[in-house]
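For the protein sequence lines, the chains are H and C, in the order given.
Residue numbers for the first sequence follow the working numbering, beginning at 12 and rising by one.
Residue numbers for the second sequence follow the working numbering, beginning at 12 and rising by one.
Protein chains: 2
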Amino acid sequence: MSKFYNRRTNELTPYVPGEQPKDKKYIKLNTNESPYPPSDKVLDAMRRAINGDLRLYPDPDCVELKKAIAAAYDVAPENVFVGNGSDEILAFAFQTFFEAEKPVRFPELTYSFYPVYAQLYGLAFETVPLNELLEIRCEDFFNSKGGVIIPNPNAPTSVAISLADVEEILKKNLDVVVIIDEAYVDFGAESAVQLVQRYQNLLVVQTLSKSRALAGLRVGYAIGAVDLIAGLEKVKNSFNSYTMDRVALSGAVASIQDFEYNRTIQNKIVLTREMTSKALQEIGFKVTEAKANFLFVSPPDSDAKKLFDRLREKGILVRYFAKTPQWLRITIGTDEEMDALISTTKDLIKEGSSENE
Amino acid sequence: MSKFYNRRTNELTPYVPGEQPKDKKYIKLNTNESPYPPSDKVLDAMRRAINGDLRLYPDPDCVELKKAIAAAYDVAPENVFVGNGSDEILAFAFQTFFEAEKPVRFPELTYSFYPVYAQLYGLAFETVPLNELLEIRCEDFFNSKGGVIIPNPNAPTSVAISLADVEEILKKNLDVVVIIDEAYVDFGAESAVQLVQRYQNLLVVQTLSKSRALAGLRVGYAIGAVDLIAGLEKVKNSFNSYTMDRVALSGAVASIQDFEYNRTIQNKIVLTREMTSKALQEIGFKVTEAKANFLFVSPPDSDAKKLFDRLREKGILVRYFAKTPQWLRITIGTDEEMDALISTTKDLIKEGSSENE
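Here it is, written out as structure tokens:
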């Protein structure tokens, strides 16, 4: 509490991102970063942008980047919005489309930034539980009064819904905005971008942070109907004319254009995910059907906090959420990192069972 | 109007930044950019940050940059907030400190983003006219119910208030936040940073865009009491955990530390400003007492729009605001650019008077 803050600030509880530890070197499987570096073409493009022109403002309309994204997804530049990470875009979207008195709907177990955005802008929200397989049931999202936001695949579960389900949700919400948060879509889910021309209520949000290995660059984008994009521009231009710096814009264009490299690292991560999922199931873990660059797993004794703590002691960081005490979220690293995770986990489980004898 | 936007978005009128023309090469004196490039140390630091680590998120707390700023201004890191340009920080400050029902007060003629922020967050505001010399009268800002924001020097007038006046305003507003927007302070005004330890209600906002020649990098910072900084962090962390990318953070640290280079280009700009001011006064312009990197000038016939249009035709871009039809804002460029401005203006005035004969 502070007399200097307004009421809403005093009541705010911020989002807490995954740990970025500085104490020692970990095998870092806790924030869904890519284990592979970004494309050399991206680094080269960024280096070329480092020159005296940094004295000048960047293009506030980010035309070149919008054109590159439009070309990559076969839409018009007017269907594209870009921002300082997809989190910024999600914040703008909450601020642009949702109303205080009409609850926006999202899954109960999902990206925990959504209720924070709602709080930040004084918006009502309602949540719907997942089913017992931790899946989103599409019919739970029909006929929302205020709007819908669903990550596909969902986080932290890694479970995806089908494009047919997304389309059903769109059809049953024609008067409100439906946001499909596709931060992890490139690892195996079906993108809803192909529905953008047919549904005026659809906004798809993606990011370069995960599947393009650029979490350190802060670039996200949204693809949607022209009217929705114009609304986001209105809010962005009332907040900060220049959200994207010159170097980030150059790197982002190169990243969007380097399909081949991105596809290669995405495929590697998918293969490593399937290997890891299989190995953990073999030692008794429950593992959801993962479509993102992370697994959502429950250890044989269901004590996820204990496993989290022990892995941390052994130098392996994964993510534990108090609201799902039986589960851990594990980012997919390199094959070597996942081998280390698997063998360390096996040892810990062995120790655990001999302790119990 | 769109059925998909909420009420506030439908009512919003965004800020319009100065033109960034793409049609041809202008002498660009319209957006207060530096005519000199950033320090080579900044460019080198940025180049070093371009590597595979871009796959990892940046430090969400920006500790290294906060430490560098704290050392430069002799405050603690807890007194420092950093953001994606000072515009982002100003937006967060409006959102953190001001209330819907208690008007924040600012000058009538000032940075035109302030009323946009108020509108964006549904806040009340009240404005106070400048005096006939286009100066801020300090007593007009006493006893605000909601808070105060003043740019020092003011924009677009370039006129500064004294540190004593700032302190008076602080003393007469102990229960509300007073923001001193020092985007242009390094060109000749007295900074209020030295008052931060004594006034719990003071927030000073600065930027690397102008006096450090880094408009293209998007870095701003605020210095204030720990409580105010914590409030900004709360809002920022409810909006976007990572507002600053790795390359920008590295460049910003180097810029903050390169006092010598920055002082050199600031001094050059001040000398060029004084030369330009004198030359324009000699040909009959009214010119305010400028303390920023721009002049606010009124041509002999008071027809600023005509002069703006003709300068544009001749390849010189300055800034015209419809609300001050007798005045132009002219960014200080290099000596050569200002010589071109002065001689072109002389020619245009000569043409104008022979037309009138």
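Quick reminder that beta carbons are idealized off the backbone N, C-alpha and C, glycines included.
- Within 8 Å of the CB of residue 26/H, the CB atoms of chain C belong to 248, 249, 252, in sequence order along the chain.
- Chain C places no beta carbon closer than 8 Å to that of residue 37/H, leaving this residue out of the contacts.
- 8 Å or more divides the Cβ of residue 90/H from the Cβ of residue 191/H.
- Taking residue 165/C as the centre and dropping the five residues before and after it, the same chain places the C-beta of 118, 121, 147 closer than 7 Å to its C-beta, in chain order.
- The Cβ of residue 90/C sits no closer than 8 Å to any Cβ of chain H.
- Residue 329/H sits away from residue 321/H, with the two beta carbons spaced by 8 Å or more.
- Where residue 19/H is concerned, the enclosing alpha helix (DSSP H) starts and stops at 18-22.
- Rounded to the nearest angstrom, the Cβ distance from residue 86/H to residue 207/H is 6 Å, consistent with a contact under 8 Å.
- Annotation: the continuous beta strand (DSSP E) that includes residue 192/C extends over 189-192.
- Excluding the 5 residues flanking it on each side, residue 215/C has same chain C-beta neighbours closer than 6 Å at 191, 193, 203, 204, 234, in chain order.
- Interface annotation for the region 186-216 of chain H against chain C: 186, 187, 188, 211, 212, criterion Cβ-Cβ distance under 8 Å.
- Annotation: the region 127-202 of chain C contains the following complete segments of the alpha helix (DSSP H) (minimum length 4 residues), in chain order: 174-182.
- The C-beta distance from residue 259/C to residue 256/H rounds to 6 Å, short enough to fall under 8 Å.
- Annotation: Cβ neighbours of residue 31/H in chain C (cutoff 9 Å, chain order): 67, 68, 69, 70, 71, 72.
- According to DSSP, residue 221/C shares a beta bridge with no other residue.
- Residues of the region 90-110 of chain H whose Cβ lies closer than 7 Å to any Cβ of chain C, in chain order: 95, 96, 98, 99, 102, 107, 108, 109, 110.
- Counting the other Cβ atoms within 10 Å of the Cβ of residue 27/C gives fewer than 16, which makes it exposed.
- Taking the Cβ atoms as the reference, residue 283/H lies roughly 5 Å from residue 346/H, within the contact range of under 8 Å.
- By the Cβ test, the region 14-33 of chain H is not in contact with the region 302-321 of chain H, since fewer than three Cβ pairs between them sit closer than 8 Å.
- With fewer than 16 other beta carbons inside 10 angstroms of its own, residue 32/H counts as exposed.
- Per DSSP, residue 309/C is one residue of the beta strand (DSSP E) stretching across 305-309.
- A straight-line Cα-Cα distance of about 10 Å links residue 209/H and residue 178/H.
- Among the residues of chain H, those whose CB is under 8 Å from the CB of residue 130/C are 249, following chain order.
- Rounded to the nearest whole angstrom, the CA to CA distance from residue 127/C to residue 137/C is 13 Å.
- With respect to the 8 Å criterion, residue 160/C and residue 125/C are classified as neighbours on the basis of their beta carbons.
- Proximity of chain C to residue 12/H at the Cβ level (cut-off 8 Å) is not reached, the minimal Cβ distance being about 10 Å.
- Here DSSP, grouped into helix, strand and coil, assigns residue 325/H to coil.
- A check of alpha carbon separations from residue 332/H across 344/H, 267/H, 319/H, 343/H identifies 319/H as the nearest.
- Residue range 231-235 is occupied by the beta strand (DSSP E) that includes residue 232/H.
- With a threshold of 16 other beta carbon atoms within 10 Å, residue 51/H falls short and is exposed.
- Close partners of residue 225/C in chain H (Cβ separation under 8 Å): 65, 66.
- For residue 239/H, the neighbours in chain C by C-beta distance under 7 Å run, in chain order, 15.
- Taking CB atoms only, residue 256/C has a neighbour in chain H less than 8 Å away.
- Not a single C-beta of chain H is nearer than 8 Å to the C-beta of residue 291/C.
- Within chain H, the residues whose beta carbon sits less than 9 Å from that of residue 47/C are 63, 66, listed in sequence order.
- Within the region 133-150 of chain H, no residue places its CB atom closer than 8 Å to a CB of chain C.
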